[in-house]
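To start, the structure itself, in structure tokens.
Numbering (the working numbering), first residue to last: 830 to 904.
And the structure:
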């Protein structure tokens with residue numbers, strides 16, 4: 830049961846795609862055709878921090894359409 834969440838309510842930019850899959854579980858979605866680079870990772874972690882400011886016990890997953898060889902996300 831995914832539902833779209835307004836990113837502004839968590840202090841995120843309005844173009845951020847944020848889905849809620851449980852009471853304290855979120856998915857941050859990045860749609861892109863090129864690979865994810867280090868600067869993207871810093872931006873993603875900043876967004877996760879903003880979500881955790883509102884809900885400290887939140888669990889945030891990351892989904893992307895970019896080609897990925899190896900990724901480990903533990904947040």
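No residue lacks a Cβ here, since even glycine has one placed at the ideal position from N, Cα and C. Treat the numbers as computed from the prediction; the structure is a model and nothing was measured.
Per DSSP, what are the beta-bridge partners of residue 832 in this structure? 849
7 angstroms CB neighbourhood of residue 841 in its chain, flanking five on each side removed: 847, 876, 879
What number of angstroms, rounded off, separates the C-alpha of residue 896 from the C-alpha of residue 863? Within the model, the alpha-carbon separation for residue 896 versus residue 863 is close to 7 angstroms.
Roughly how many angstroms lie between the CA atoms of residue 845 and residue 873, to the nearest whole one? 10 angstroms
Inspect the beta-carbon positions of residue 850 and residue 830 and report whether they are closer than 8 angstroms. yes
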